[in-house]
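Following: one structure in structure tokens, then a few remarks.
In full-length UniProt numbering, the protein residues as written are 1 to 275.
This is the structure:
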């Protein structure tokens, strides 16, 4: 089993590394909705047919095995370290990390299609939850946008700028009504806030207290003219669009619920056997 997994994983990861060296990080916008959903459905459909037609092959069994799952989750955990400690490297957008997540989704889908043991619905809840969480992380990144804009007090804007400096339409008009800042005795900033309005609604933004404008968009206050202090004529806003965030949350909750129910079911069954 170990050698067979190595024969599968190593060529895939080497191919991803080669793509990384030649092309660098892919442009995730090419995989934005509906392309990402189409890829996910094609992967699920292809693996379902593969399991139905070649489910007895050693390669399929190896890909669906617990050993493969543990190995891929360990690789995902290790691969997440650069994301935490070196976010500027954008490792989560690399071909290699994407290949690991794709292999993990392959393992989870095959495990769900093939499992016929005890606690089936709990097993499926756990694995489908992890699958949804992984898919949201892998494919959701293509639909995520992080835009910034320096907005003068009293000014209206209808676009902000991505990391490449390209303008992106917000889909609405936003106005900064006023800005206020307070300071400690040593002139260190204690708090700064801005009142903004859009679509007939008004909110006060503070640091780490965004406006949850919609189910997928949050607006953050991230900066101002530190030299001018409370007399700053502008503030810096960040617009974060994450359409998959609740999908990821639902997957996480399903994964945890399935795990707890499997543990509880195992303990309950053990007590019956002892009794």
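Idealized CB from N, CA, C, for every residue including glycine.
Measure the Cβ-Cβ separation of residue i and residue j and say whether it is below 8 Å.
| i | j | result |
| --- | --- | --- |
| residue 265 | residue 119 | yes |
| residue 94 | residue 36 | no |
| residue 140 | residue 244 | yes |
| residue 76 | residue 40 | no |
| residue 196 | residue 211 | yes |
| residue 122 | residue 261 | yes |
| residue 246 | residue 179 | no |
| residue 125 | residue 228 | no |
For residue i, which residues from the same chain have a beta carbon less than 6 Å from its beta carbon, with the 5 sequence-adjacent residues on both sides left out?
| i | result |
| --- | --- |
| residue 127 | 108, 111, 112 |
| residue 19 | 95 |
| residue 115 | 123 |
| residue 17 | 96 |
| residue 190 | 182, 183, 184 |
So what's residue i in DSSP terms, helix, strand or just coil?
| i | result |
| --- | --- |
| residue 79 | helix |
| residue 230 | helix |
| residue 192 | strand |
| residue 206 | strand |
| residue 115 | coil |
| residue 184 | coil |
| residue 153 | coil |
| residue 198 | strand |
| residue 23 | helix |
| residue 138 | helix |
Residues bridged to residue i by DSSP?
| i | result |
| --- | --- |
| residue 217 | 241 |
| residue 57 | Answer is none; residue 57 lacks a bridge partner. |
| residue 211 | 219 |
| residue 160 | 168 |
| residue 179 | 194 |
| residue 41 | According to DSSP, residue 41 bridges with nothing at all. |
| residue 235 | 151, 224 |
| residue 146 | 240 |
| residue 260 | DSSP output for residue 260 lists no bridge partner at all. |
| residue 13 | Its beta-bridge partners do not exist; DSSP assigns none. |
| residue 252 | In the DSSP output, where bridge partners are listed per residue, residue 252 has none listed. |
Using 8 Å for Cβ pairs, my map puts residue i next to residue j. What's the rounded Cβ distance?
| i | j | result |
| --- | --- | --- |
| residue 198 | residue 222 | Contact doesn't hold; Cβ gap of about 17 Å is too wide. |
| residue 67 | residue 5 | 7 Å |
| residue 136 | residue 98 | No, residue 136 and residue 98 are not in contact; Cβ-Cβ is about 14 Å, not under 8 Å. |
| residue 181 | residue 214 | Going by Cβ atoms, the distance from residue 181 to residue 214 rounds to 28 Å, so no, they are not a contact pair. |
| residue 237 | residue 149 | 5 Å |
| residue 133 | residue 251 | 3 Å |
| residue 29 | residue 160 | That pair is no contact at about 16 Å. |
| residue 153 | residue 234 | 7 Å |
| residue 192 | residue 207 | 7 Å |
Only counting the same chain, and skipping five residues up and downstream in sequence, which positions put a Cβ closer than 8 Å to that of residue i?
| i | result |
| --- | --- |
| residue 91 | 79, 82, 83, 97 |
| residue 145 | 162, 168, 239, 240, 241 |
| residue 170 | 147, 157, 158, 159, 160, 239 |
| residue 101 | 76, 134, 137, 138 |
| residue 275 | Low confidence applies to residue 275: its pLDDT is 38, below 50, so where it sits in the model is not reliable enough to give any reading. |
| residue 58 | 4 |
Might you give, ordered along the chain, the residues of its own chain that have their beta carbon closer than 7 Å to the beta carbon of residue i, omitting 5 neighbours on each side?
| i | result |
| --- | --- |
| residue 13 | 96, 99 |
| residue 63 | 8, 106, 107, 110 |
| residue 72 | 100, 103, 104, 107 |
| residue 33 | 143 |
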